[in-house]
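Taking it in order: structure first as structure tokens, then the write-up.
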Amino acid sequence: MIVNGIELVKVRDNVWEIPKTGSMKVPGRIYISEKMIEKSFEHEDSLQQVVNVAHLPGIEKYSIAMPDIHWGYGFPIGGVAATNLDHGVISPGGVGYDINCGVRLATTSLEYNKISHRIESLVSKLFENIPTGVGASGAIKKLSNKEIKRILQKGSVWAVENDLGSPNDIEFTEEAGTLKNADSEAVSERALERGYDQVGTLGSGNHFLEVDVVDEIYDETTASLFGIFKGQVVVLIHTGSRGLGYQVCDDYLKVLLSASKKYGFTLPDKQLACAPIKSQEGQDYLSAMQAAANFAWNNRQVIMHLAKKAFKEIFSMSESELAFSLVYDVCHNIAKIEEHKIDDEMKKVCVHRKGATRAFPPGSNSIPVKFKSSGQPVLIPGDMGRYSYIAVGTQKAMEETFGSSCHGAGRSLSRRKALTNAKGRDLVSELRNKGIFIQARGYKTIAEEMPSAYKDVSEVVEVLHNEGITKKVARFRPVGVIKG
Amino acid sequence: MNPNYKFIDHTADIAVEVQGRTIEELFLNSADAWRTVALEKNDLIDNVGITLYLECETLEQLLVSFLNELNFLLINKKWLTVSISKIEIIQKDRVTLSVVLLGHPISDLHSLKAEIKSVTYHQMSIEKKADNYFTRIVFDI
């Protein structure tokens, strides 16, 4: 079929290929159902972005997109591309401004049916404890230049060293919360300045902290391994590297725009500016990007600590009674050096995941020992009115998608259309009538982020479950939300 | 609203098409579009001036840097640019911008409508068609 002038050839029920044409270096591969295709690409340029990414020098196998694909800048959101370490490039367009935007899931000992009457107070306390909104700041004391640089080197280990987390939290964070090759010296003074007072802040847009209840279990054994049971209260945190990360991306886009010219790359979009991974420009960006990723892990760690404090206060419970425990923290905007089997040969590649989550299988050496039998937890938040999911990575993901999965529902409406649709409605009351309490800095964010602005996350998750890329473990439904 | 820019649908972010009779006017109209995205309402107090000088390789980089500078001043320095005067863009081997930003300090960010993470280069290309300059700008939200 032809969609927006681009040919899509059916490979399997939920897998479509964009044939390699023109100067594309590889074909495109999109994981999506036929039903979703009809709704996903109206007034959208994301398929063209899959084609654009296929032009990156050194790209291996496919330019891949997940079912939550939608129009971004540079890469589509939901885009995955692996580039050869020896002759491939690294591009900030495959990471985004919000470096290491990601999600973490924490469980509690609380059962929703016993505390449902306290959710409204809990949401208020969370909103009070965790700074949200544009330029949110002041969650913890303003940090010195030296202290920020420590965060950039140590990631969430910094939080643990400062009594804002436990060693258990480090164990259950992707990369143990620290990318070791990060270099704080590769980060500009302006980026540092933008990070001084933003540690422990949620920000605005689609970032959130959600109190959820476990609504459905699909895999009892794995859910039990993760400490998840039906009716349990859990917490999802979605945010990233805040202003510091945005500045790192902006700084290095300038460098890589010059580098693209220097190395003679012809790219279909300036936002795909790139440099050979092994070049000085590529290495500098990689070091700075890793530093920003460490800042993001630390940010989510501090937010989780603030959330735990709110829970303890509201429920007057001790640490051991509350059993607030991190299940896993995953990033979904990142470029990482990994080893993957390509044409029967193990190769080192730089896997760009722009709105895509790592989904490593059982037995992987890159995941905590506890998950060796289950595979890596994959966290897939939906919209604030429906569901979120936890799934696990599979061997098939390693074989087909460079060990990657989707990252959320994916937007279906522009912010403008969402605002138009929200006119005359009281979304706060509508959500409250569904048992969901929300607090946000402004009503506009709630309107822009209204549930119908997103695809149905269940459809997204089902595509990857049916294709065997990830396997569903449990479903959550929101009961409390704070947003910017 | 300024007739020299028009918002267009973009699924995740905010996109706008801007025009101007000169490059300088294109930059001024782009700054106006930025204000519409970032701010709840127009402010009229512009009694303090800040001089800004930027140098880049291309006009597109200069426009991105200029708008990101307005954004940085707003979110991180809590300084609101209300109007712009004495704009001059010189195109030689490199392109330069000198401009005076008129505005005032603000005490908090509560009147802000959206946090612009950055101005992107996606689909940005400054082109002259007939008598006007045009570009598209995508703001990452």
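So the sequences go chain by chain: A and B. First residue of the first sequence? That's 1 in the working numbering, and the numbers climb one at a time after it. First residue of the second sequence? That's 1001 in the working numbering, and the numbers climb one at a time after it. Built from N, CA and C at the ideal position, the CB exists for glycine as well. Nothing here was measured: the structure is a model prediction, and the numbers come from that model.
Cβ neighbour criterion (16 or more within 10 Å) applied to residue i
| i | result |
| --- | --- |
| Ile-482 of chain A | buried |
| Ile-32 of chain A | buried |
| Glu-189 of chain A | exposed |
| Pro-377 of chain A | buried |
| Tyr-443 of chain A | exposed |
| Ile-436 of chain A | buried |
| Thr-222 of chain A | buried |
| Pro-19 of chain A | exposed |
| Thr-201 of chain A | buried |
| Ser-318 of chain A | exposed |
| Glu-1088 of chain B | exposed |
| Thr-1011 of chain B | buried |
| Gln-1091 of chain B | exposed |
| Tyr-1051 of chain B | Looking at the sequence provided, one finds Thr at residue 1051 of chain B rather than Tyr. The residue is exposed, with fewer than 16 neighbouring Cβ atoms inside 10 Å. |
Three-state secondary structure (DSSP) of residue i
| i | result |
| --- | --- |
| Asp-1013 of chain B | coil |
| Lys-61 of chain A | coil |
| Ile-115 of chain A | helix |
| Gly-375 of chain A | coil |
| Val-330 of chain A | strand |
| Arg-300 of chain A | helix |
| Ala-292 of chain A | helix |
| His-70 of chain A | strand |
| Gln-283 of chain A | helix |
| Phe-172 of chain A | coil |
| Val-1076 of chain B | Note on residue identity: the sequence assigns Asn, not Val, to residue 1076 of chain B. Three-state DSSP puts Asn-1076 of chain B in a helix. |
| Val-248 of chain A | helix |
| Phe-315 of chain A | helix |
| Ile-37 of chain A | helix |
| Gly-393 of chain A | strand |
| Gly-203 of chain A | strand |
| Val-134 of chain A | coil |
| Ala-275 of chain A | strand |
| Arg-432 of chain A | helix |
| Val-157 of chain A | helix |
| Val-123 of chain A | helix |
| Glu-1069 of chain B | helix |
| Ala-307 of chain A | helix |
| Ser-184 of chain A | helix |
| Ala-359 of chain A | coil |
Extent of the continuous beta strand (DSSP E) to which residue i belongs
| i | result |
| --- | --- |
| Leu-1080 of chain B | 1079 to 1091 |
| Lys-1006 of chain B | 1005 to 1008 |
| Ile-77 of chain A | 77 to 84 |
| Asn-1029 of chain B | It is not in any beta strand (DSSP E) - Asn-1029 of chain B instead sits in the alpha helix (DSSP H) that spans 1023 to 1038. |
| Asp-465 of chain A | For the record, residue 465 of chain A in the displayed sequence is His; it is not Asp. Here His-465 of chain A belongs to no beta strand (DSSP E); instead the alpha helix (DSSP H) covers 457 to 467. |
| Val-11 of chain A | 9 to 12 |
| Glu-1127 of chain B | 1127 to 1129 |
| Glu-17 of chain A | 15 to 18 |
| Ala-440 of chain A | 437 to 440 |
Residue span of the alpha helix (DSSP H) that contains residue i, given as start and end
| i | result |
| --- | --- |
| Lys-25 of chain A | From DSSP, Lys-25 of chain A is part of no alpha helix (DSSP H); its letter is neither H nor E. |
| Ile-148 of chain A | 145 to 154 |
| Ala-447 of chain A | 443 to 448 |
| Val-369 of chain A | First-last for Val-369 of chain A: undefined, no H or E at that position. |
| Thr-221 of chain A | 220 to 225 |
Proximal residues of chain E, C-beta to C-beta of residue i below 7 Å
| i | result |
| --- | --- |
| Tyr-1053 of chain B | No chain E is present in this structure, whose protein chains are A and B. |
Counterpart residues of residue i in DSSP-defined beta bridges
| i | result |
| --- | --- |
| Tyr-387 of chain A | For Tyr-387 of chain A, which the question treats as bridged, DSSP gives no partner whatsoever. |
| Ser-46 of chain A | According to DSSP, which records beta bridges pairwise, Ser-46 of chain A is partnered with nothing at all. |
| Tyr-1053 of chain B | B:Ser-1098 |
| Ala-191 of chain A | BP columns for Ala-191 of chain A are empty, so no partner. |
| Leu-209 of chain A | A:Ile-237, A:Ile-482 |
| Leu-105 of chain A | A:Leu-236, A:Tyr-328 |
| Gln-1019 of chain B | B:Phe-1134 |
| His-352 of chain A | A:Ala-81, A:Ala-335 |
| Glu-345 of chain A | A:Ile-342 |
| Arg-411 of chain A | A:Tyr-454 |
| Val-1064 of chain B | Answer is none; Val-1064 of chain B lacks a bridge partner. |
| His-1104 of chain B | B:Leu-1080 |
To be precise: take each residue of the stretch 1007 to 1021 of chain B, compare its Cβ to all Cβ atoms of chain A, and keep it if any distance is under 7 Å. Which residues remain?
Close to chain A, meaning a Cβ-Cβ distance shorter than 7 Å, are the following residues of the stretch 1007 to 1021 of chain B: Phe-1007, Asp-1009, His-1010, Thr-1011, Ala-1012, Asp-1013, Ile-1014.
Could you list the residues in the stretch 1021 to 1041 of chain B with a C-beta less than 7 Å from some C-beta on chain A, going in chain order?
none
Can you pull out the residues from the stretch 1117 to 1133 of chain B whose beta carbon lies closer than 9 Å to at least one beta carbon of chain A?
Lys-1117, Ser-1118, Val-1119, Thr-1120, Tyr-1121, His-1122, Gln-1123, Met-1124, Ser-1125
For the stretch 197 to 211 of chain A, list every residue whose C-beta sits within 7 Å of some C-beta in chain B, in sequence order.
Gly-203, Ser-204, Gly-205
Relative to chain B, which residues along the stretch 451 to 468 of chain A have a C-beta separation below 7 Å, given in chain order?
Of all residues in the stretch 451 to 468 of chain A, none comes within less than 7 Å of chain B when Cβ atoms are compared.
Interface residues of the stretch 71 to 83 of chain A facing chain B [CB-CB below 9 Å]:
Under the 9 Å Cβ criterion, the stretch 71 to 83 of chain A contributes Trp-71, Gly-72, Tyr-73, Gly-74, Ile-77.
Positions along the stretch 249 to 272 of chain A whose CB lies within less than 7 Å of some CB in chain B
Cys-249, Asp-250, Leu-253, Lys-254, Leu-257, Ser-258, Asp-269, Lys-270, Gln-271
If you measure beta-carbon to beta-carbon, which residues of the stretch 377 to 409 of chain A are closer than 9 Å to chain B?
For the stretch 377 to 409 of chain A, the beta-carbon criterion of a distance under 9 Å to any beta-carbon of chain B is satisfied by none of its residues.
Could you list the residues in the stretch 271 to 299 of chain A with a C-beta less than 8 Å from some C-beta on chain B, going in chain order?
Within the stretch 271 to 299 of chain A, those residues whose Cβ lies closer than 8 Å to any Cβ of chain B are, in chain order, Gln-271, Ala-273.
Which of the residues in the stretch 232 to 245 of chain A, read from start to end, lie with their CB under 8 Å from any CB of chain B?
Gly-243
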